[in-house]
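Read the structure below first, then the notes.
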Amino acid sequence: MLQAGTKPTSSSFHVSKDGYTSCDTPQNDRGQRPPPGINIEIAYDTTILSVREIGPFQGVPVIAPGFIDGQVNGYGGLDVNSADVSPQTIINLSAELAKLGVTTWVPTIVTASEEAITVALEQIKRACDIDPTTRAAIPCVHIEGPFISDQDGPRGVHDAAFVRPLDADEIRRWLRASGMVGIVTVSPHTPDAPAQIARIRELGVEVAIGHTHASPEQITAAITAGAGLATHLGNGIATTLPRHPNALWTQLADDRLTAGLIADGHHLPSDTLKVMIRAKTPSALIWCLTAPHWPVARLAATALPWAASWISLLAGGSPTWVRTCSRGRRYPPGRIPQRDPQRRPGATGGPQNGDVHSRPGDSGHPAGLGHLRVGSPADFVLITGEGPGAGTITEVIQSGRKVSGGPE
256 MLQAGTKPTS SSFHVSKDGY TSCDTPQNDR GQRPPPGINI EIAYDTTILS VREIGPFQGV
316 PVIAPGFIDG QVNGYGGLDV NSADVSPQTI INLSAELAKL GVTTWVPTIV TASEEAITVA
376 LEQIKRACDI DPTTRAAIPC VHIEGPFISD QDGPRGVHDA AFVRPLDADE IRRWLRASGM
436 VGIVTVSPHT PDAPAQIARI RELGVEVAIG HTHASPEQIT AAITAGAGLA THLGNGIATT
496 LPRHPNALWT QLADDRLTAG LIADGHHLPS DTLKVMIRAK TPSALIWCLT APHWPVARLA
556 ATALPWAASW ISLLAGGSPT WVRTCSRGRR YPPGRIPQRD PQRRPGATGG PQNGDVHSRP
616 GDSGHPAGLG HLRVGSPADF VLITGEGPGA GTITEVIQSG RKVSGGPE
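Here this note's numbering is used: the first residue of the sequence shown is 256, the next is one more, and so on.
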């Protein structure tokens, strides 16, 4: 963090023109695969002040925007949902995530009593009021439940005692408590779900479909009413489904829905994951990883062209995704569905008239989050670009300051 009167930091880095580094580039005459892209010099304090291309020379680290984690329940013994959660819990959790390269994250509160959810929301808000770095790192809060399926299987590990009917009025009360609720995951299996979803969207809160036993028709009605996300598609659903139709086919087929997939090699078999990727296309997907798979995440963040530049890394052992938050101080990047007023309700053809923006920062992200451009937050990860350690994070910079205790 710069003090008043000090000069901005200026450093040189290597960056891909497409936002990721590929390990599949041709070898040079020494058998090495230099990462594609350009060398740049960035001047920054808490934000990026200037970016300019510089000459091709060796030895500069690969740079990428800080990782953005759209669903964090907890990490390292720090739990957003614990009965004794406090502002210090959230501040410490934010600091621990930053050491891993996660410079922006969305605290996620799971199914609980209204009182417990409200207390957690209040503690998160207090943490943001107390600590500027935490405030800069948290754009909004995600509530996963309590308006989900009450059936074993789709409900997952959520506490059945606190599952309850979808209620936009309760969400309104949550907003009064903190104003930071940006995303709510629901199951649209009840007749009033479309009306409730429309009311939630009027509050400025995004609606995701998850942990559901809703029928295909109910899924379509929910999307038409304003649900734009699917939470960890393929998980949080019944173990046995009809061949067709079923809720998975409906969510995969509807281009108005952006889907999160847990791409950790465990939650979805590789064949299933491949088919889902081809069905939705990368522009309508959010990649999810889990805590035991950090080495895979590091590699994926720099080496997988089909990841469309954006890998959300999860520190809490449950699915994660990045999505626009309508509430809160700023917007994290993601695949942002833009409703086309000329599009027929229920249409499920290919993307039309910019229905889905695949580039983070589209559709008016004032902070430039997730970009290496002037005005963006000075949130970076430095990554080894080649050799046996390719994809390894070597340094993390958050709000222009090297993260203490991060990779050395």
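Think of the CB as a built atom: it goes at the ideal place given N, C-alpha and C, for glycine as much as any other residue.
Output the distance between the C-alpha atoms of residue i and residue j, rounded to the nearest integer angstrom.
i, j, result
"residue 494", "residue 464", "17 Å"
"residue 286", "residue 296", "Here residue 286 scores only 42 on pLDDT, less than 50, and its place in the model should not be relied on; the value that follows carries that caveat. Roughly 27 Å between the two C-alpha positions."
"residue 302", "residue 415", "45 Å"
"residue 539", "residue 484", "9 Å"
"residue 435", "residue 331", "24 Å"
"residue 642", "residue 339", "45 Å"
"residue 512", "residue 536", "11 Å"
"residue 644", "residue 430", "45 Å"
"residue 383", "residue 400", "23 Å"
"residue 634", "residue 299", "10 Å"
"residue 456", "residue 402", "15 Å"
"residue 449", "residue 315", "52 Å"
"residue 529", "residue 307", "38 Å"
"residue 655", "residue 447", "47 Å"
"residue 652", "residue 354", "9 Å"
"residue 510", "residue 660", "42 Å"
"residue 305", "residue 453", "42 Å"
"residue 404", "residue 628", "43 Å"
"residue 649", "residue 351", "16 Å"
"residue 665", "residue 624", "Beyond the ends of the chain as shown, which are 256 and 663, falls residue 665; an answer cannot be given."
"residue 322", "residue 358", "6 Å"
"residue 387", "residue 362", "16 Å"
"residue 310", "residue 631", "23 Å"
"residue 476", "residue 522", "27 Å"
"residue 541", "residue 486", "10 Å"
"residue 398", "residue 326", "9 Å"
"residue 422", "residue 394", "24 Å"
What are the start and end residues of the beta strand (DSSP E) that includes residue i?
i, result
"residue 650", "648-653"
Assuming residue i and residue j form a contact by the criterion Cβ under 8 Å, report the distance between their Cβ atoms to the nearest whole angstrom.
i, j, result
"residue 488", "residue 515", "6 Å"
"residue 356", "residue 636", "4 Å"
"residue 360", "residue 319", "With 8 Å as the limit, residue 360 and residue 319 do not qualify as a contact, their Cβ atoms being about 16 Å apart."
"residue 336", "residue 367", "7 Å"
"residue 442", "residue 468", "7 Å"
"residue 433", "residue 379", "7 Å"
"residue 532", "residue 490", "With a Cβ gap of about 15 Å, residue 532 and residue 490 do not count as contacting."
"residue 396", "residue 364", "7 Å"
"residue 471", "residue 527", "Contact flag wrong, Cβ pair sits at about 18 Å."
"residue 373", "residue 346", "That pair is no contact at about 20 Å."
"residue 462", "residue 481", "6 Å"
"residue 420", "residue 492", "Contact flag wrong, Cβ pair sits at about 20 Å."
Provide the residue(s) that pair with residue i in DSSP beta bridges, ordered along the chain.
i, result
"residue 541", "515"
"residue 636", "319 and 651"
"residue 656", "653"
"residue 440", "399 and 463"
"residue 485", "464 and 514"
What are the start and end residues of the alpha helix (DSSP H) that includes residue i?
i, result
"residue 665", "This structure does not reach residue 665, given that the chain is present from 256 up to 663, and the question cannot be answered."
"residue 453", "448-457"
"residue 471", "471-480"
"residue 530", "525-535"
"residue 404", "No alpha helix (DSSP H) holds residue 404; DSSP gives it neither H nor E."
"residue 498", "Looking at the DSSP string, residue 498 is not in any alpha helix (DSSP H), and its letter there is neither H nor E."
"residue 431", "423-433"
"residue 505", "502-508"
Every unbroken beta strand (DSSP E) within the region 302-338, with a cutoff of 3 residues, ordered by chain: Runs found: 303-309, 317-320 and 322-327.
Pick out the complete beta strand (DSSP E) segments inside the region 351-400, 3 residues or longer, and give them in chain order. Uninterrupted beta strand (DSSP E) stretches at least 3 residues long and entirely within the region 351-400 occur at 357-365 and 396-399, given in chain order.
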